[in-house]
Amino acid sequence: MGKKQPVGVEIFDKIADRYDSISKTLSLGIISRWQRELIKGLENLGVTLDLACGTGEIAALVKEKAKTVIGLDYSLSMLKVARRKLPELPFVRGDALNLPFKDSSFDTVLVSLSLRHFGNTEKALAEIRRVLKRGGTVRILEVSIPQNPVLRKTFVGFLKYVLLPMGKIRSKEDVTHHLFETIVNFPHYEELIKLALKKGFREGHFKPLFFGMATVYELLG
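Position 207, counted from 1, in the sequence shown is what full-length UniProt numbering calls 207; the numbers after and before it change by one each time, with no gaps.
Written out as structure tokens, the structure is:
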């Protein structure tokens, strides 16, 4: 693709073989529950895009519910792991801000713990809306900041001084600054819904998980 990879992609390239275990460590083992919440209630997904698919965890969860699942990621190292785990599924390299698909290609788009890494949330939402069929569904799982002031202060401190340094030790890469900044600066809750409506989605809802440490968003095209 010629251009320099975003810092997030460089990090994931380096930790791809250990990503699943690292993510479970950083989420204190509850990431699997969050992922199940992401797809809860979804049936007959049709043609589905697992956007920023990483190692294929979400694709594995929905492959029996969808007509077709296509995984897309910018990281070749992560795609290599996904292809090894799920050789029966198509995985392609691509940029979330310039998706290599025609308009109205997908019935369902799933984004797990990745939207905050794309660098331009508005543009990413616009691209997702472009490739989504009319009447289609988007589900997004993201780490979030609790809305309760006490929990918010506690969680941000926990992120900064406990979880993220622990992630640095587990990954042997300096991910602390990148991960902390993307979580804190992400447009959480109503802000993300407002951006989605601005980009052409008909409606949107969100459901906080685990006291607001994570949130599932649903957007309708």
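Ideal Cβ positions, reconstructed from N, Cα and C, are used throughout, including at glycine. All values derive from a computational prediction rather than experimental measurement.
According to the neighbour-count rule (16 or more other Cβ atoms, all chains shown, within 10 Å of its Cβ), is ILE58 buried or exposed? buried
Which residues bound the beta strand (DSSP E) around ARG134? 132-143
What residues match up with HIS205 in a beta bridge as DSSP calls it? GLU218
Where do the N-terminal and C-terminal ends of the beta strand (DSSP E) with PHE106 fall, by residue? 106-112
To the nearest angstrom, report how far apart LEU79 and LEU72 are at their CA atoms. 8 Å
Going by DSSP, which residues form a beta bridge with ASP73? ARG93
Could you give the C-beta distance for ILE39 and VAL62, rounded to a whole number, given that I count them as a contact under 8 Å? 6 Å
On the three-state DSSP scale, how would you describe LYS65? coil
Would you report the Cα separation of ALA196 and LEU125, rounded to the nearest angstrom? 6 Å
So, does the segment 129-140 touch the segment 101-114, judging by three or more C-beta pairs under 8 Å? With contact defined as three or more Cβ pairs closer than 8 Å, the segment 129-140 and the segment 101-114 are in contact.
Report all residues from its chain with a CB closer than 8 Å to the CB of VAL156; omit the five preceding and five following residues, and keep chain order. ILE145, VAL184
Taking a contact to mean a Cβ-Cβ separation below 9 Å, would you say ALA96 touches SER112 in this structure? no
From the DSSP secondary-structure annotation, give me the bridge partner or partners of VAL47. THR68
Quick check on the DSSP output: the alpha helix (DSSP H) that includes PRO149 runs from which residue to which? Looking at the DSSP string, the run of the alpha helix (DSSP H) that includes PRO149 is 149-158.
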